[in-house]
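Shown next, in structure tokens, is the structure this report addresses.
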Amino acid sequence: MLSVSQIADLLKAPYLGDGNTSIIGLSSLDEVYPNHLIFADGPKNLELAFASEAAAVIVTEEPESYNKPIIIFQNPLLAFVELMQVFYPSIEPSKTIHPSAYIGKDVSIGEGVTIGPFAVIEDHCILGKNTVIHAHAVVGQNSEIGEGCEIHSHVTLYPKTILKHHVIIHSGTVIGSDGFGYKMFNGMHHKIPHVGHVVIEPYVEIGANTVVDRATLGTTRVGKGTKIDNLVQVAHSVKLGEHNILCAFTGIAGSTQSGNHVMFAANVGVSDHVKIDDEVVLGARTGVPPKKHLKKGQTYLGNPARPKDKAIEQEFSTTRIPFMRKHIQTLQDKVAKLEEQLSKQTEEIQ
Numbered sequence: 024m025l026s027v028s029q030i031a032d033l034l035k036a037p038y039l040g041d042g043n044t045s046i047i048g049l050s051s052l053d054e055v056y057p058n059h060l061i062f063a064d065g066p067k068n069l070e071l072a073f074a075s076e077a078a079a080v081i082v083t084e085e086p087e088s089y090n091k092p093i094i095i096f097q098n099p100l101l102a103f104v105e106l107m108q109v110f111y112p113s114i115e116p117s118k119t120i121h122p123s124a125y126i127g128k129d130v131s132i133g134e135g136v137t138i139g140p141f142a143v144i145e146d147h148c149i150l151g152k153n154t155v156i157h158a159h160a161v162v163g164q165n166s167e168i169g170e171g172c173e174i175h176s177h178v179t180l181y182p183k184t185i186l187k188h189h190v191i192i193h194s195g196t197v198i199g200s201d202g203f204g205y206k207m208f209n210g211m212h213h214k215i216p217h218v219g220h221v222v223i224e225p226y227v228e229i230g231a232n233t234v235v236d237r238a239t240l241g242t243t244r245v246g247k248g249t250k251i252d253n254l255v256q257v258a259h260s261v262k263l264g265e266h267n268i269l270c271a272f273t274g275i276a277g278s279t280q281s282g283n284h285v286m287f288a289a290n291v292g293v294s295d296h297v298k299i300d301d302e303v304v305l306g307a308r309t310g311v312p313p314k315k316h317l318k319k320g321q322t323y324l325g326n327p328a329r330p331k332d333k334a335i336e337q338e339f340s341t342t343r344i345p346f347m348r349k350h351i352q353t354l355q356d357k358v359a360k361l362e363e364q365l366s367k368q369t370e371e372i373q
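Residue numbers for the sequence shown, in the working numbering: 24 to 373.
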């Protein structure tokens with residue numbers, strides 16, 4: 024529990040009202056609890072905030088009137104991120120190895136590493152200091168995990184996987200499984216061996232039940248700072264740039280390359296051997312054909328993917344088709360009547 028004045032001191036922000044008001048937690052504007060702090064911006068949200076049970080409000084600027092203490096901070100969401108770490112601190116890892124964990128031969132374990140119950144660390148692995156391996160996670164042979172990583176329960180890292188520093192992988196995710204590669208010969212699908220590996224660069228976070236396949240040869244790579252949602256498929260030999268965002272249900276086929284700061288919205292499908300430049304945005308459910316080149320800074324929509332303006336124009340035209348068909352039918356009926364009248368007049372003249 025903190026007072027309004029203490030919170031203001033933490034944020035280095037001014038406050039107005041009773042600084043002794045006690046705050047026991049943080050609330051969102053659509054689910055407010057008594058004695059909690061909320062943030063609000065804009066006239067409508069401010070009205071809701073001051074009418075709520077919240078004890079105090081973080082605002083971007085001083086309002087004309089207020090009925091409870093306010094803390095003035097230009098970026099309220101950033102303030103909430105800072106305060107979450109104060110009100111809801113993370114559970115400190117034990118920095119011990121559980122006796123039920125399996126540790127293989129020649130495993131290097133850094134200082135402060137935590138390994139949970141029934142985790143498996145196979146032979147010749149390297150675990151950087153302060154890394155946490157949760158229960159039932161599996162780290163395959165010859166894998167390397169950097170400092171400050173967190174591998175949640177039931178994650179599987181196939182052999183030769185490399186995670187750089189401060190990588191977070193959530194439950195059920197698989198890194199380094201075989202790519203989906205087969206060759207038809209004599210009426211049968213013959214499996215193409217995948218002998219490459221996966222490299223995850225620093226500060227990447229990967230959601231639950233996502234898969235990143237190993238390369239056929241060489242490396243499948245996820246660039247620094249990239250964030251991948253739940254239920255995403257990254258295929259063999261893909262190279263993702265830095266600070267990409269991949270939302271849920273996105274699938275990226277083999278050997279595709281993306282630049283930096285690329286945004287894949289939900290349910291995007293990217294075919295194989297596609298090149299995506301920096302700062303491209305792919306709207307939800309966009310489908311990218313094979314070997315296409317998406318140009319820097321553009322937004323693409325639709326299936327097949329088109330630049331936003333063209334996609335919107337096409338969608339607008341498509342929605343007009345029923346009206347156009349009706350209009351054409353009306354014109355055809357009028358033409359038919361005119362032809363009938365013209366035919367009668369011609370007969371009368373003859």
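Note that the Cβ used here is the ideal one computed from N, Cα and C, for glycine as well. These figures come from a predicted structure and were not determined experimentally.
At what residues does the alpha helix (DSSP H) containing residue i begin and finish?
| i | result |
| --- | --- |
| Ile-351 | 344-372 |
| Lys-67 | 66-74 |
| Ile-30 | 27-34 |
When you compare each of the options to residue i by their alpha carbons, which one comes out closest?
| i | options | result |
| --- | --- | --- |
| Leu-33 | Met-107, Arg-308, Asp-64 | Met-107 |
| Gly-230 | Ser-176, His-316, Lys-206 | Ser-176 |
| Thr-341 | Gly-325, Leu-263, Asp-356, Gln-352 | Gly-325 |
| Pro-86 | His-59, Leu-60, Lys-206, Tyr-38 | Tyr-38 |
| Ala-334 | Phe-141, Ser-194, Gly-310 | Gly-310 |
| Pro-140 | Thr-119, Val-257, Ser-28 | Thr-119 |
| Asp-295 | Leu-269, Ala-271, Lys-262 | Lys-262 |
| His-259 | Thr-273, Gly-219, Ala-288, Pro-330 | Gly-219 |
| His-217 | Gly-210, Thr-273, Met-211, Leu-240 | Leu-240 |
| Glu-115 | Ala-63, Arg-343, Gly-135 | Gly-135 |
| Glu-145 | Ile-132, Asn-58, Lys-128 | Lys-128 |
| Pro-99 | Ile-61, Ile-372, Pro-312 | Ile-61 |
| Val-222 | Leu-186, Phe-208, Asn-209, Lys-250 | Leu-186 |
| Thr-137 | His-147, Ile-156, Ser-131, Ser-113 | Ile-156 |
| Ala-328 | Cys-270, Pro-312, Phe-339, Val-245 | Pro-312 |
| Tyr-111 | Ser-50, Glu-336, Pro-330, Glu-362 | Ser-50 |
| Gly-42 | Leu-52, Ile-30, Asp-53 | Ile-30 |
| His-147 | Lys-67, Ala-158, Ile-132 | Ile-132 |
| Ala-158 | Ser-117, Thr-184, Val-130 | Ser-117 |
| Lys-314 | Val-178, Ser-278, Val-358, Glu-54 | Ser-278 |
Is the separation between the beta-carbon of residue i and that of residue j shorter than 7 Å?
| i | j | result |
| --- | --- | --- |
| His-266 | Gly-248 | yes |
| Pro-163 | Pro-182 | Note that residue 163 is Gly in the sequence shown, not Pro. Yes, the Cβ-Cβ distance between Gly-163 and Pro-182 is below 7 Å. |
| Asn-290 | Ala-276 | no |
| Met-286 | Val-304 | yes |
| Glu-173 | Ile-191 | yes |
| Leu-180 | Ser-166 | yes |
| Thr-273 | Val-255 | yes |
| Lys-250 | Glu-228 | yes |
| Pro-330 | Gln-337 | no |
Output yes if chain C places a C-beta closer than 7 Å to the C-beta of residue i; else output no.
| i | result |
| --- | --- |
| Leu-317 | The chain labelled as chain C is not found in the depicted structure, where only one protein chain is given. |
Apart from the five residues just before and just after residue i, which ones in its own chain have a Cβ nearer than 8 Å to its Cβ?
| i | result |
| --- | --- |
| Gly-171 | Gly-151, Lys-152, Asn-153, Thr-154, His-188, His-189 |
| Ala-102 | Leu-34, Ala-36, Phe-62, Ile-81, Ile-94, Phe-96 |
| Gly-40 | Val-27, Ala-79, Tyr-89, Lys-91, Pro-92, Ile-93 |
| Met-24 | Ser-45, Ile-46, Ile-47 |
| Tyr-323 | Val-303, Val-304, Leu-305, Gly-306, Thr-309, Val-311, Leu-317, Arg-329, Pro-330, Lys-331, Ala-334 |
Grab me the residues of residue i's own chain with a C-beta within less than 7 Å of its C-beta, minus the 5 sequence neighbours each way, in chain order.
| i | result |
| --- | --- |
| Ala-36 | Ile-94, Ile-95, Phe-96 |
| His-12 | Any question about residue 12 goes unanswered here, given that the chain covers just 24 to 373. |
| Glu-84 | Ile-95 |
| Ile-215 | Gly-204, Tyr-205, Lys-206, Thr-239 |
| Asp-252 | Gly-230, Leu-269, Cys-270, Ala-271 |
In terms of residues, what are the limits of the beta strand (DSSP E) holding residue i?
| i | result |
| --- | --- |
| Phe-62 | 59-62 |
| Ser-200 | 197-200 |
| Leu-324 | 322-324 |
| Ala-79 | 79-82 |
| Phe-208 | 205-208 |
| Val-378 | As displayed, the chain neither begins before 24 nor continues past 373, which places residue 378 out of reach and without an answer. |
| Lys-214 | 211-214 |
| His-220 | 220-223 |
| Val-297 | Careful: Val-297 lies outside any beta strand (DSSP E) and carries neither H nor E. |
| Val-245 | 242-245 |
| Ile-114 | Neither: Ile-114 is in no beta strand (DSSP E) and is coded neither H nor E. |
| Val-235 | 234-236 |
| Ile-95 | 93-95 |
Sorted by chain position, which residues of the same chain lie with C-beta nearer than 6 Å to residue i's C-beta, five sequence neighbours on each side aside?
| i | result |
| --- | --- |
| Val-143 | Tyr-125, Val-161 |
| Leu-354 | none |
| Lys-318 | Asp-300 |
| Pro-57 | Glu-76 |
Does the beta-carbon of residue i, which I'm using as the reference point, lie nearer than 6 Å to any heavy atom of the ligand MN?
| i | result |
| --- | --- |
| Asp-53 | In the structure shown, the ligand MN is absent, as is every other ligand, since no ligand is present at all. |
>> Taking contact to mean 3 or more Cβ pairs, one atom from each stretch, closer than 8 Å, check whether the region 299-316 and the region 266-285 are in contact.
In response: yes
>> Taking 8 Å as the cut-off, does the region 96-107 touch the region 122-134 (at least 3 CB pairs, one atom from each stretch)?
In response: no
> Quick check: the region 42-51 against the region 78-98, are there 3 or more CB pairs under 8 Å?
Replying inline: yes
> Counting pairs of Cβ atoms below 8 Å between the region 231-250 and the region 189-202, do you hit three or more?
Replying inline: yes
> Would you say the region 65-73 touches the region 86-104, given that touching needs at least three Cβ pairs under 8 Å?
Replying inline: yes
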